[in-house]
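S.K.: Chains as they are written, first to last, in the working numbering: chain A, 23 to 136; chain B, 3 to 114.
Here a beta-carbon is modelled for each residue, glycine too, at the ideal position from N, C-alpha and C.
Right, I'll just put the structure down here and ask away after.
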Amino acid sequence: AQKVTQAQTEISVVEKEDVTLDCVYETRDTTYYLFWYKQPPSGELVFLIRRNSFDEQNEISGRYSWNFQKSTSSFNFTITASQVVDSAVYFCALSEYTGNQFYFGTGTSLTVIP
Amino acid sequence: DTGVSQDPRHKITKRGQNVTFRCDPISEHNRLYWYRQTLGQGPEFLTYFQNEAQLEKSRLLSDRFSAERPKGSFSTLEIQRTEQGDSAMYLCASSHSKNIQYFGAGTRLSVL
């Protein structure tokens, strides 16, 4: 069965601190995709990144970076020098290679305090 | 094109009434998905269409729920005889083939 676990329910940091959001997944598939989405208070899920299971190379995009480790089934997300606008709920998701279904974690609510 | 559009944004209804939501996907996207999200949870998959064909349905989708996507363009999700447990955010997403899903802002349903 597919499952995504985000153990951190809520995190608060002071602006400019770095923060890492954890994501652990379970799947029997050898080929799959992993995603991070941001859900601000407005409610719309905003796509951040997609990785496929063959590509374990870490990725950096501005203040965002992602660490994919297949050995520990983890796909963690780090925000460097956090800003108030980063306050949102962040979801990690897993999809089978066909892309027919997404499995979301329960989300981590991040609050960045000015 | 401004992305996935959902209407209405909010719906308040009385228990037992029927409600219908609409989703307009990004125009070139052939796949359309419906999810339900309750407070403090991640989105849960309900159903998905490839063009006009409904290819997969979750067991969460009881017989009171029906979705259509005539002509492979917009989609509607209808809930008949609503129950208080149906109160949730209903999210629509679209994608091109197996690509990234882009989400709409959702329809928040409150059943009184």
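Answer with yes or no whether the minimum CB distance from B:Phe76 to chain A is below 8 Å.
M.R.: What you label residue 76 of chain B is simply residue 74 of the second sequence in a count that begins at 1. Cβ-Cβ to chain A under 8 Å: no for B:Phe76.
S.K.: If the cut is a Cβ gap below 9 Å, which residues of chain B does A:Phe113 touch?
M.R.: On the first sequence, residue 113 of chain A is found 91 positions in, with the first residue counted as 1. What A:Phe113 touches in chain B: Gly44, Pro45.
S.K.: Report the option in A:Ser64, A:Thr49, A:Asp51 whose CA atom is closest to the CA atom of B:Met91.
M.R.: On the second sequence, position 89 is the one that residue 91 of chain B refers to. Among A:Ser64, A:Thr49, A:Asp51, the Cα nearest to that of B:Met91 is on A:Ser64.
S.K.: Just to make sure I have the definition right: I need the residues of chain B whose C-beta is within less than 8 Å of the C-beta of A:Lys122. Which are they?
M.R.: Residue 122 of chain A sits at position 100 when you count from the first residue of the first sequence. The amino acid occupying residue 122 of chain A in the given sequence is Asn; Lys does not appear at that position. Within 8 Å Cβ-Cβ: Tyr50, Leu57, Glu58.
S.K.: Quick check on the DSSP output: the beta strand (DSSP E) that includes B:Tyr35 runs from which residue to which?
M.R.: Locating residue 35 of chain B in the second sequence gives position 33, where the first residue counts as 1. Element bounds for B:Tyr35: 33 to 39.
S.K.: Under DSSP, the beta strand (DSSP E) around B:Leu63 begins and ends at which residues?
M.R.: Looking up residue 63 of chain B in the second sequence gives position 61. Taken as a continuous stretch (DSSP letters only), B:Leu63 belongs to no beta strand (DSSP E), as it is neither H nor E.
S.K.: Enumerate in chain order the residues of its own chain whose CB-to-CB distance from A:Lys60 is below 7 Å, with the five nearest sequence positions on each side excluded.
M.R.: Taking the first residue of the first sequence as 1, we reach residue 60 of chain A at position 38. Counting only Cβ-Cβ distances below 7 Å, and skipping sequence neighbours, we find Val68, Leu70, Ala110, Tyr112.
S.K.: Reducing DSSP to helix, strand and coil, say where A:Asp51 ends up.
M.R.: Against the first sequence, residue 51 of chain A aligns to sequence position 29. A:Asp51: coil per DSSP, three-state reduction.
S.K.: Please compile the residues from chain B whose C-beta is within a distance smaller than 8 Å of the C-beta of A:Glu32.
M.R.: If you number the first sequence from 1, residue 32 of chain A lands on position 10. Within chain B, no residue comes near A:Glu32; the closest Cβ sits about 10 Å away, beyond 8 Å.
S.K.: Which partner residues of B:Cys25 appear in the DSSP bridge assignment?
M.R.: In the second sequence, counting from the first residue as 1, residue 25 of chain B sits at position 23. Answer is B:Gln8, B:Ser77, bridged to B:Cys25.
S.K.: Is the Cβ-Cβ distance between B:Tyr50 and A:Asn122 less than 8 Å?
M.R.: Counted from its first residue, the second sequence places residue 50 of chain B at position 48. Counted from its first residue, the first sequence places residue 122 of chain A at position 100. Cβ atoms of B:Tyr50 and A:Asn122: closer than 8 Å.
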